[in-house]
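So the structure is just underneath, and the comments pick up after that.
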Amino acid sequence: MEADPTFQKINENAMRLRKQKDQTEYPLQLEKYQKWDKKLAEEAEKYDNMFKPIDGFLVENLAADLPNIQSDTSRIARNDNWLKERKKDIQLFETYRIMQDMIKMDALAGKN
Amino acid sequence: MHFEPKPIDDAFSKSTYHLYLKYIDNGKRFFTQSDINQLNAYETQLDDQALAGTFEFFNLSVDLQDKALNKTQAWYQEVLAKPINFNADASLQGDGEKLSWAKDDAELRQRWVNWMKYEVLTRITDEQQIQDKPDFKGEKKSFDQLEADARTKVLEVYDRLFKRLRKMDRNRRLEGYLNSMASVFDPHTNYFSPSEKENFDIQMSGKLEGIGARLQSDGEKTTVTEIVAGGPAWSQGDLQAKDVILKVTQGDATESDDIMGWEIDDVVGKIRGPKGTKVTLSVQKPDGQVKSITITRDVVIMEEGLAKSLILRANETEGKIGYIYLPKFYADFTADGVTSCAADVEKEVAKLKNENVAGIILDLRNNGGGSLRDVVQMSGLFIENGPIVQVKSRSRKPEIMEDYDNRVQWGGPMIVMVNGFSASASEILAAALQDYDRAVIVGSTRSYGKGTVQRFFDLDNATGDNSVKPLGQMKLTVQKFYRITGKTTQLDGVTPDIVLPDVYNLLDMGERENDYPLPSTQIDPVPFQQSAYHIADIKN
Chain B
82 MEADPTFQKI NENAMRLRKQ KDQTEYPLQL EKYQKWDKKL AEEAEKYDNM FKPIDGFLVE
142 NLAADLPNIQ SDTSRIARND NWLKERKKDI QLFETYRIMQ DMIKMDALAG KN
Chain X
121 MHFEPKPIDD AFSKSTYHLY LKYIDNGKRF FTQSDINQLN AYETQLDDQA LAGTFEFFNL
181 SVDLQDKALN KTQAWYQEVL AKPINFNADA SLQGDGEKLS WAKDDAELRQ RWVNWMKYEV
241 LTRITDEQQI QDKPDFKGEK KSFDQLEADA RTKVLEVYDR LFKRLRKMDR NRRLEGYLNS
301 MASVFDPHTN YFSPSEKENF DIQMSGKLEG IGARLQSDGE KTTVTEIVAG GPAWSQGDLQ
361 AKDVILKVTQ GDATESDDIM GWEIDDVVGK IRGPKGTKVT LSVQKPDGQV KSITITRDVV
421 IMEEGLAKSL ILRANETEGK IGYIYLPKFY ADFTADGVTS CAADVEKEVA KLKNENVAGI
481 ILDLRNNGGG SLRDVVQMSG LFIENGPIVQ VKSRSRKPEI MEDYDNRVQW GGPMIVMVNG
541 FSASASEILA AALQDYDRAV IVGSTRSYGK GTVQRFFDLD NATGDNSVKP LGQMKLTVQK
601 FYRITGKTTQ LDGVTPDIVL PDVYNLLDMG ERENDYPLPS TQIDPVPFQQ SAYHIADIKN
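Right, dumping it as structure tokens:
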């Protein structure tokens with residue numbers, strides 16, 4: 082998990098946020114301000130779109146829910162959007178992996 | 121009735137005094153040391169004045185505020201009347217906590233000069249960035265033009281802010297004073313005027329119209345406090361909690377409203393509008409970045425805030441995993457009659473069982489809590505029966521809230537996800553299933569840490585005098601809740617069994633960051649056991 086590039090970026094971004102929260106003094110000299118503003122924007126840009134759809138992670142609706150979801154266009158759109166977000170949700174994917182490990186350990190321990 | 125009433129003494133007076141100063145001049149931009157010296161004389165007398173029902177200190181503070189408004193308004197108007205020079209190497213401290221009170225008017229005036237420079241500078245820079253974009257179509261303005269435009273804009277914004285501050289009547293200001301007093305008891309004990317109570321009810325039932333964002337104003341800035349799950353802002357995706365809204369633009373209009381200093385109701389009035397129309401918000405992200413976000417208005421459909429589930433898969437050889445998303449512990453009335461999140465989660469569990477899932481993940485990230493009754497029922501879906509949480513009022517024995525239903529609706533592997541915004545009821549559920557060794561808790565370093573229960577008391581019941589009604593309500597912290605182990609989630613929250621990286625992990629957040637939170641305490645454990653499923657073996 083620590084080696085995962087997205088998790089590394091999350092940790093980096095957490096450090097950036099921490100640093101910025103403490104920095105409450107702003108330059109008022111024109112060039113200095115604009116340089117500072119640009120630097121902030123560039124730093125923030127690195128973390129734009131850092132969440133990408135996770136390869137091989139399938140996120141699907143329940144068959145039982147489909148008739149309701151497909152009953153109107155705004156529901157379809159909201160659902161599509163939700164599925165897309167969850168497919169990029171690296172914390173959820175990691176949790177899914179932990180769950181699969183739990184299930185394997187249960188099998189070894191003779192449960193189920 | 122409060123869980124931990126404090127004596128009304130000098131210590132109480134001091135705490136009230138400091139909370140109130142923070143409330144009226146958090147940025148240290150209005151008062152000088154000589155004003156503070158006058159107020160300081162009352163630092164330990166507020167308890168006596170409260171008991172005697174006198175308002176000497178409050179009246180003086182209002183008087184000094186009015187004088188400060190006149191003085192500072194003249195200063196910023198002077199500064200904005202002529203072109204500003206940005207050559208001097210100066211800086212602005214934006215955090216009042218890091219400043220001392222200005223020693224005299226000269227120092228205070230310099231703070232206003234700097235604020236105005238900063239306000240103008242940010243607007244010039246924003247405009248320059250817009251016109252430097254390759255797809256910019258309008259006529260490019262010179263620096264001097266941009267500077268003059270920015271000054272006009274800032275003047276408008278501050279004049280509006282000052283007008284609003286002047287308009288604030290005595291009752292509104294008194295509310296602030298009374299709330300400073302109430303907040304000394306704990307951060308969740310507050311006075312609510314009738315209109316504020318109405319807004320609070322909207323929040324609890326989750327019934328909202330507009331773009332589906334909850335907003336809060338500190339008198340100057342309007343901040344997004346929550347994105348309503350399933351609402352238009354949520355679907356669009358860019359607007360987030362903690363964003364500060366700077367400007368609002370209607371549809372394709374070229375003119376926008378700079379909303380700094382606006383009343384929250386006026387801001388909401390601009391953002392709401394007919395379904396299908398568009399509104400563009402210019403927001404400042406917590407890192408300082410300014411972003412434009414266009415949202416198509418819609419009816420905020422409540423069903424999106426309800427429990428729902430998905431099937432997760434990654435590998436043909438592995439079993440399917442069920443995922444349940446719960447954004448709030450809601451308890452609400454719908455067209456079908458009374459419904460509750462516990463009943464809904466039970467239905468989702470049944471549907472997932474039909475899909476033959478091998479495990480269930482319950483996602484309580486960003487779930488700020490809600491119905492206590494529902495959290496007890498919901499926890500009970502995963503064990504046979506037993507205690508879930510202990511609730512304690514002052515000077516009474518703890519009441520043990522139990523699941524009496526023997527059924528185990530899900531007896532397989534389970535994970536509960538939490539983050540720093542998972543609070544209250546979310547923490548009860550995570551704590552209970554952790555204590556029972558029933559579920560693995562996965563998430564941020566720790567959850568929010570709110571281990572208290574509040575109740576509303578209608579102040580109208582306290583008087584027979586109809587002419588003063590409606591008086592509003594008091595929200596009081598009446599109980600603390602404890603884990604079945606006797607430990608509390610107050611302040612420290614729930615520590616996950618497995619911590620995941622999270623962008624907020626390094627920020628100081630949660631109950632312990634509030635002023636005067638109730639302490640973390642411990643009571644006796646109660647016996648508990650379950651045999652539905654144990655995860656103890658994988659924790660080792």
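Here the protein sequences line up with chains B and X, keeping their order.
The numbering of the first sequence is the working numbering, which starts it at 82 and goes up by one.
The numbering of the second sequence is the working numbering, which starts it at 121 and goes up by one.
Built from N, CA and C at the ideal position, the CB exists for glycine as well.
Would a C-beta distance cut-off of 9 angstroms place residue 274 of chain X and residue 232 of chain X closer than the cut-off?
no
Using three-state DSSP, classify residue 487 of chain X as helix, strand or coil.
coil
So which residues on chain B does residue 548 of chain X lean against when the C-beta distance must stay under 8 angstroms?
Near residue 548 of chain X there are no residues of chain B at all, since even the closest Cβ is about 20 angstroms away, more than 8 angstroms.
Residues of chain B with CB closer than 9 angstroms to the CB of residue 207 of chain X, please, in chain order.
110 and 111
Which stretch, first to last residue, makes up the beta strand (DSSP E) that contains residue 596 of chain X?
593-602
Let me know if residue 521 of chain X comes out buried or exposed under the rule of 16 or more other beta-carbons within 10 Å of its beta-carbon.
buried
Identified DSSP bridge partners for residue 333 of chain X
X:347
Determine the closest residue to residue 463 of chain X out of X:437, X:435 and X:428, with distance taken between C-alpha atoms.
X:428
Using a beta-carbon distance below 9 angstroms, is residue 130 of chain B in contact with chain X?
no
Can you check the region 351-397 of chain X for any beta strand (DSSP E) of at least 3 residues that lies completely inside it and give the ranges in chain order?
364-370
Give a yes or no on whether the C-beta atoms belonging to residue 563 of chain X and residue 547 of chain X are separated by under 9 angstroms.
no
Helix, strand or coil: how does DSSP classify residue 426 of chain X here?
coil
Taking contact to mean 3 or more Cβ pairs, one atom from each stretch, closer than 8 angstroms, check whether the region 604-615 of chain X and the region 588-595 of chain X are in contact.
no
Any idea what DSSP makes of residue 137 of chain X, helix, strand or coil?
helix
Could one say the Cβ of residue 261 of chain X lies closer than 9 angstroms to chain B's Cβ atoms, at least one of them?
no
What's the call for residue 357 of chain X, buried or exposed, on a 16-neighbour Cβ count within 10 Å?
exposed
Please state whether DSSP places residue 627 of chain X in a helix, a strand or coil.
coil
Closer than 8 angstroms, Cβ to Cβ, to anything on chain B: give me those residues from the region 394-423 of chain X, in chain order.
405, 406, 407, 408, 409, 418 and 421
Residues of its chain near residue 128 of chain B, where Cβ-Cβ distance is below 7 angstroms and the 5 sequence neighbours each way are ignored:
90 and 94
Kindly list the residues whose CB is nearer than 7 angstroms to the CB of residue 213 of chain X, restricted to its own chain and excluding five residues on each side of it in sequence; keep chain order.
219
Proximal residues of chain B, C-beta to C-beta of residue 215 of chain X below 7 angstroms
105
Taking only the alpha-carbon atoms, compute the straight-line gap between residue 576 of chain X and residue 451 of chain X and give it to the nearest angstrom.
17 angstroms
If contacts are defined as beta-carbon pairs under 8 angstroms, then residue 396 of chain X and residue 348 of chain X qualify, I think. What distance do you get, rounded to the angstrom?
Rounded, the Cβ-Cβ distance is 18 angstroms, inconsistent with contact.
From the beta carbon of residue 157 of chain B, is the nearest beta carbon of chain X less than 9 angstroms away?
no
Starting from the beta carbon of residue 355 of chain X, find every residue of chain B whose beta carbon is closer than 9 angstroms, and list them in chain order.
155, 158, 159, 162 and 163
Opening and closing residue of the alpha helix (DSSP H) in which residue 199 of chain X lies
176-201
Please classify residue 171 of chain X as buried or exposed, where buried requires at least 16 neighbouring CB atoms within 10 angstroms.
exposed
Rounded separation between residue 407 of chain X and residue 582 of chain X - CA only
47 angstroms
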